[in-house]
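Every position in the sequence shown, counted from 1, becomes a number in our numbering once 15 is added. We treat Cβ as the ideally placed atom computed from N, Cα and C, and that holds for glycine.
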Amino acid sequence: MTKTKKTQQNGQDKLSLNVTPRTTFGKKLKKVRKEGLIPANIYGRDFKSQAVSVSFKEFIKIYKEAKETGVVYVKVNGQELPSLIKNVQRHPVNDQILHTDFRKIDLKQKIQTDVPVNVIGQSEAVTQKGGVLLTQTVTLLVEALPTNIPKQIEVDITSLKEIGQEIKVSDLSKSNKYEFKDPSDKIIVSVVEHKEEEVLPQTAPVAAPEIITAKPEEGVEEEKKPTEPITKTPEAKSESAASEVKKPEQSQKK
């Protein structure tokens with residue numbers, strides 16, 4: 016059974032989570048989830064990846080507070096591993112957590128990790144001039160000691176008073192606890208002009224083309240359809256043969 020524990024460390028809450036080694040993989044993980052457990056992996060520098068499982072209920076309690084930037088002390092096999100929660104995978108339909116990772120870290124070494132952006136304040140360009148706020152960056156890459164990683168980066172948009180203005184990484188306040196690693200000219204938010212969607216005019220349905228049969232020109236006879244061949248009867252054949260015989264006689268008389 017996994018358990019969570021919250022204690023004080025350096026004036027801050029220390030989040031602890033017990034996990035158990037896992038030997039089930041592949042299709043058999045469905046059974047693990049039915050038992051109320053989440054399959055997980057622990058990985059890190061100079062650490063052999065280890066498969067574990069964690070209680071769904073206990074994980075949710077820790078995740079709500081730590082997110083992916085707070086240090087969690089994962090306890091397994093008598094070890095306490097400072098870690099960050101990473102790669103939380105959810106079901107596309109019911110949003111249930113299917114899998115997660117714990118990234119083992121060294122508290123004395125700086126690391127780089129993504130921190131979510133939180134937009135605060137109101138923009139005059141939006142509220143009074145009809146502009147639209149466009150968020151172009153939802154996370155920022157930060158480098159810091161694990162215990163100095165901020166939960167979020169607040170971006171105040173009060174300074175955006177005109178349409179076309181923007182806030183870049185270089186506009187953010189600097190901190191002595193962490194450093195931004197994204198390019199300084201990376202745009203975080205901007206105000207753009209509101210454009211109405213163009214509505215195409217409705218057109219009348221196109222009538223089917225009228226088929227006109229051309230009449231024959233004057234002096235041009237209509238093409239005659241071939242007639243069926245006439246089959247001569249035996250009597251007609253004999254009469255025809257007799258007439259052919261008489262023709263030489265007529266020519267002799269002349």
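- Any idea which residues DSSP pairs residue 185 with across the strands? Working through the sequence shown from its first residue, we reach residue 185 at position 170. Beta bridge pairing from DSSP links residue 185 with no other residue.
- Item | Same chain, Cβ closer than 8 Å to residue 235, five either side skipped, listed in chain order | Here the question's residue 235 lines up with position 220 in the sequence shown. Because residue 235 sits at a pLDDT of 47, beneath the cut-off of 50, its placement in the model cannot be relied upon, and the point is left open.
- Alpha carbon to alpha carbon, what distance is there between residue 168 and residue 61? What you label residue 61 is simply residue 46 of the sequence shown in a count that begins at 1. What you label residue 168 is simply residue 153 of the sequence shown in a count that begins at 1. So the alpha carbons of these two residues sit roughly 30 Å apart.
- Item | Close beta carbons around residue 205, own chain, < 6 Å, minus the five adjacent residues each side | The residue labelled residue 205 in the question sits at position 190 within the sequence shown. Within the same chain, residue 205 has close Cβ partners 149 and 181.
- Do you know whose CA, among 42, 55 and 39, lies nearest residue 116's CA? Numbered from its first residue, the sequence shown carries residue 116 at position 101. Closest by alpha carbon: 55.
- To the nearest angstrom, report how far apart residue 45 and residue 78 are at their CA atoms. As a working note, residue 45 is residue 30 in the sequence shown. As a working note, residue 78 is residue 63 in the sequence shown. Their Cα atoms are separated by approximately 22 Å.
- Task: Give a yes or no on whether the C-beta atoms belonging to residue 96 and residue 57 are separated by under 8 Å.
- Result: Sequence index remark: in the sequence shown, residue 96 carries index 81 (1-based). Sequence index remark: in the sequence shown, residue 57 carries index 42 (1-based). Cβ atoms of residue 96 and residue 57: closer than 8 Å.
- In angstroms with no decimal places, state the Cα-to-Cα distance between residue 99 and residue 132. For the purposes of this step, residue 99 is taken as residue 84 along the sequence shown, with counting starting at 1. For the purposes of this step, residue 132 is taken as residue 117 along the sequence shown, with counting starting at 1. Approximately 18 Å between the Cα atoms of the pair.
- Does the count of Cβ pairs from the region 62-72 and the region 35-54 closer than 8 Å reach three? yes
- Task: Within the same chain, show all residues whose beta-carbon is closer than 8 Å to that of residue 239, passing over the 5 residues directly before and after it, in chain order.
- Result: Taking the sequence shown and counting its residues from 1, one reaches residue 239 at position 224. Residue confidence is low: residue 239 scores 49 on pLDDT, short of 50, so the model does not pin down where it sits. Its coordinate-derived value is still stated next. For residue 239, where only same-chain residues beyond five positions count, there are no Cβ hits under 8 Å.
- Query: By Cβ distance, which residues of its chain are closer than 6 Å to residue 171, with the 5 residues on each side in sequence left out?
  - Reply: As a first step, residue 171 must be located in the sequence shown, where it is residue number 156. 135 and 136, listed in sequence order.
- Query: Taking all protein chains shown into account, do 16 or more other C-beta atoms lie within 10 angstroms of the C-beta of residue 32, making it buried, or fewer, making it exposed?
  - Reply: Position 17 of the sequence shown, counted from the first residue, corresponds to residue 32. By the 10 Å Cβ count, residue 32 comes out buried.
- Query: Which stretch, first to last residue, makes up the beta strand (DSSP E) that contains residue 169?
  - Reply: As a working mapping, residue 169 is identified with position 154 in the sequence shown. That run of the beta strand (DSSP E) goes 168-171.
- Let me know the beta strand (DSSP E) ranges lying completely inside the region 71-106, each 3 residues or longer, listed in chain order. 87-91 and 94-105
- Message: Taking the alpha carbon of residue 187 as the reference point, which residue from 198, 105 and 211 has its own alpha carbon closest?
- Response: Taking the sequence shown and counting its residues from 1, the one referred to as residue 187 is at position 172. Out of 198, 105 and 211, 198 has the C-alpha closest to the C-alpha of residue 187.
- Might you give, ordered along the chain, the residues of its own chain that have their beta carbon closer than 6 Å to the beta carbon of residue 158, omitting 5 neighbours on each side? Mapped onto the sequence shown, residue 158 falls at position 143. Around residue 158: 125, 127, 194 and 196.
- Query: Looking at residue 73 and residue 30, is the spacing between their C-beta atoms short of 8 Å?
  - Reply: Along the sequence shown, one-based indexing puts residue 30 at 15. Along the sequence shown, one-based indexing puts residue 73 at 58. The answer is no: Cβ separation not under 8 Å.
- In whole angstroms, what is the alpha-carbon distance linking residue 208 and residue 142? The residue given as residue 208 occupies position 193 in the sequence shown. The residue given as residue 142 occupies position 127 in the sequence shown. If you take the alpha carbons of residue 208 and residue 142, they lie about 12 Å apart.
- Query: Along the chain, where does the alpha helix (DSSP H) that runs through residue 48 open and close?
  - Reply: Reading the sequence shown from its first residue, position 33 is the one you call residue 48. First-last of the alpha helix (DSSP H) with residue 48: 44-49.
- Task: Return the CA-CA distance between residue 103 and residue 118, expressed in angstroms with no decimal places.
- Result: Locating residue 103 in the sequence shown gives position 88, where the first residue counts as 1. Locating residue 118 in the sequence shown gives position 103, where the first residue counts as 1. Whole-angstrom Cα-Cα distance: 12 Å.
- By Cβ distance below 8 Å, which residues in the same chain neighbour residue 40 in space, the five residues on each side in sequence not counted? As a first step, residue 40 must be located in the sequence shown, where it is residue number 25. The residues are 66.
- As assigned by DSSP and simplified to three states, the class of residue 54: On the sequence shown, position 39 is the one that residue 54 refers to. Taken through DSSP and simplified to helix, strand or coil, residue 54 comes out as strand.
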